[in-house]
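Asks:
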Amino acid sequence: MSGSISPFGGWLNGTIREADYGRLVADFTIRAEMTNPAGVLHGGAGAAILDDLIGAMVYSLGREYAFTSVNLTIDFLHAARMGEVVTATAEVIREGKNIVHCEGRILASTGKIIAKCATNLIQTSIRVEQI
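Everything in the sequence shown is counted per our numbering, starting at 292 for the first residue and increasing by one.
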């Protein structure tokens, strides 16, 4: 995302639309280097959008320690074409002491779900202030 502390998030270049406790929404333009040979969003790029946005959203919880992904399950339901602007959302579903369960979605401008995911993140021993 623009201004992200994550170099990869900077490459994804999302624009934050909404940020709240346990929720983050951002827009992403599908660029040529994010597509497969058919000219649609590559599954790996879609996974990266969701994983990075959820990772950024977890900071909104105000925890002392950083979190990292344990797993990420994605369903790809529709295609997003090069040049299309999609909206991704990340939300906390359950916030435990050491594990946070989250869901994410990538939506087309028409509201169609491009991809949806569920993920668990685990608290690390890295203090947020060290990042």
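For each residue, glycine too, the CB sits at the ideal point set by N, CA and C.
Pick out the complete beta strand (DSSP E) segments inside the region 321-391, 3 residues or longer, and give them in chain order.
Replies: 356-367, 376-386
Asks: Indicate whether the contact test is met: 3 or more Cβ pairs, each with one atom in the region 349-367 and one in the region 303-313, closer than 8 Å.
Replies: Touching, yes.
Asks: Do the region 315-333 and the region 362-373 touch if we need at least three Cβ pairs shorter than 8 Å?
Replies: yes
Asks: Answer yes if the region 373-384 comes into contact with the region 315-326, meaning at least three C-beta pairs across the two stretches below 8 Å, and no otherwise.
Replies: yes
Asks: Who are the Cβ neighbours of residue 321 in its own chain at under 7 Å, not counting the five residues just before and after it?
Replies: Start at 1 with the first residue of the sequence shown, and residue 321 comes out as number 30. Counting only Cβ-Cβ distances below 7 Å, and skipping sequence neighbours, we find 332, 371, 372, 373, 374, 375, 377.
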